[in-house]
Amino acid sequence: MRIAQIAPLFESVPPKYYGGTERIVSYLTEELVREGHDVTLFASGDSVTRAHLVACCRRSLRLDKHCVDHMVHHVLMLEKVAQCMHEFDCAHFHVDYLHYPLSRRAYTPQVTTLHGRLDIPDLQPLYAEFDDMPLVSISDSQREPVPGANWQATIHHGLPEDLYEFNARPGEYLAFLGRISPEKRVDRAIEIARQIGMPLRIAAKVDDVDQDYFDFHVKPLLQHPLVEYVGEIGDGEKQDFLGCAIGLLFPIDWEEPFGLVMIEALACGTPVVAYRRGSVPEVLSDGETGFIVDDLEGAIAAARRLPELDRRRCRDEFERNFTASRMANDYVRLYERLARSRQSREPA
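If you count by this note's numbering, then the sequence shown holds residues 2 to 349, one letter each, in order.
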């Protein structure tokens, strides 16, 4: 198939550091190319891909100090997509709702994967108006706030099978990986580690919007002798960081749409202690690949039990359900279905 992948421009594809959406776009794009599809990637100019790259800005906008208005570059990208959209069998958007007016008026089959939260009141009238836009959710939980949208499938994220290696012999610390923000609750992770007397390593980025939260609420907690803050890390460092951890702490306080870090940990054989929010029950098997908890007391008890879990079972679960090949195959079946549906509506 001739497939267009349209990525956000905030990060490169794949991202240099943090960037869940762009990372998934990369894994999907490269797997589709590997399987023989003709893929065009619309992304920032510093992206690296085996697909045909259409550079829509010089470099990822987060790293471009000269970029003031991010939206300008996304509007220009959508114009580039519109000019050649007829060349594709399916266009796959990852830029939220920006393209809906364009896509509504295009003939080419298209679909949008929504990567973020949908429990925002402003979105209700949007999806009431654009109820014809074909959508993919990344978890069943994610779609609950807008049940009347045009959902085509739930497709869980996947990682390349060889991206991380199984580690049967972890070190003696807990891990927290992701963003430092109020909803990710790194403060809970610190409290869990403190209560059980186990070292905690924190690898996380701090966005500008969360800088005050970090400075006033989190930074003082990092002085505890059990806590080590290593900052933001890239893919190359995650193998050791996650693989050598006894367990990953995922003490979220929001309806997480997916939680890519959970399957990154499972790929390394590392079990997860996670709060029962959002997608967590869809990703983890409670008591097998981790523990799903409802409060701090439960999280502390679960963290103590992490050595009881079979790390090979975690890796096996990853290989069964969360690989890039499974993800790509799910999307190809959807692309083909959308293309057939479009053809059936063509005039005789």
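All C-beta atoms, glycine included, are put in the ideal place defined by N, C-alpha and C.
Discussion item. So, does the segment 262 to 274 touch the segment 316 to 325, judging by three or more C-beta pairs under 8 Å?
Written reply: yes
Practice prompt. Kindly confirm or deny that the segment 286 to 304 and the segment 113 to 131 touch, where touching means at least three C-beta pairs closer than 8 Å.
Written response: no
Discussion item. So for residue 202, helix, strand or coil by DSSP?
Written reply: Residue mapping note: residue 202 aligns to position 201 of the sequence shown, counting from 1. Reduced to three states, the DSSP call for residue 202 is strand.
Worksheet item: Is residue 152 near residue 136, with beta carbons less than 9 Å apart?
Response: For this step, residue 152 is matched to residue 151 along the sequence shown. For this step, residue 136 is matched to residue 135 along the sequence shown. A contact, by the Cβ cut-off of 9 Å.
Discussion item. Helix, strand or coil for residue 331? Go by DSSP, reduced to three states.
Written reply: Walking along the sequence shown from the start, residue 331 turns up at place 330. Of the three classes helix, strand and coil, the one that applies to residue 331 here is helix, per DSSP.
Worksheet entry | Option nearest residue 226 by Cα separation, candidates 243, 208 and 194 | As a first step, residue 226 must be located in the sequence shown, where it is residue number 225. Cα-wise, what sits closest to residue 226 is 194.
Worksheet item: If we count the other Cβ atoms within 10 Å of its Cβ and call it buried at 16 or more, is residue 1 buried or exposed?
Response: Summary: the structure shown does not reach residue 1, with the chain confined to residues 2 through 349, and so no result is reported for it.
Practice prompt. Quick one: give me the first and last residue of the beta strand (DSSP E) that residue 154 is part of.
Written response: The residue you call residue 154 lines up with position 153 of the sequence shown. Where residue 154 is concerned, the enclosing beta strand (DSSP E) stretches over 152 to 155.
Fill in: residue 187 classed as buried or exposed, judged by whether at least 16 other C-beta atoms fall within 10 angstroms
Position 186 of the sequence shown, counted from the first residue, corresponds to residue 187. Flag for residue 187 reads buried.
Discussion item. Let me confirm a value: residue 328 is counted as buried when at least 16 other C-beta atoms fall within 10 Å, else exposed. Which label applies?
Written reply: Here residue 328 is taken as the residue at index 327 of the sequence shown, counted from 1. Buried, by the Cβ-count rule.
Worksheet entry | Secondary structure of residue 6, DSSP reduced to three states | Within the sequence shown, numbered from 1, the residue matching residue 6 stands at position 5. In the structure shown, residue 6 sits in a strand (DSSP, three-state: E or B).
Discussion item. Just to confirm my understanding: we take residue 81, look at its own chain, exclude 5 residues before and 5 after, and list those with CB closer than 7 Å. What are they?
Written reply: Against the sequence shown, residue 81 aligns to sequence position 80. Closer than 7 Å at the Cβ level, and outside the excluded window around residue 81, lie 43, 55 and 57.
Practice prompt. Compare the Cα-Cα distances from residue 6 to each of 38, 159, 146 and 69 and report the closest residue.
Written response: Taking the sequence shown and counting its residues from 1, the one referred to as residue 6 is at position 5. Of the candidates 38, 159, 146 and 69, the one whose C-alpha sits nearest the C-alpha of residue 6 is 38.
Worksheet item: Is it a yes or a no for the segment 304 to 319 touching the segment 244 to 253, going by three-plus beta-carbon pairs under 8 Å?
Response: yes
Item to complete: Just list the beta strand (DSSP E) runs in the segment 83 to 138, keeping only unbroken ones of 3 residues or longer that don't cross its boundaries, in chain order.
Response: 91 to 94, 111 to 115 and 136 to 138
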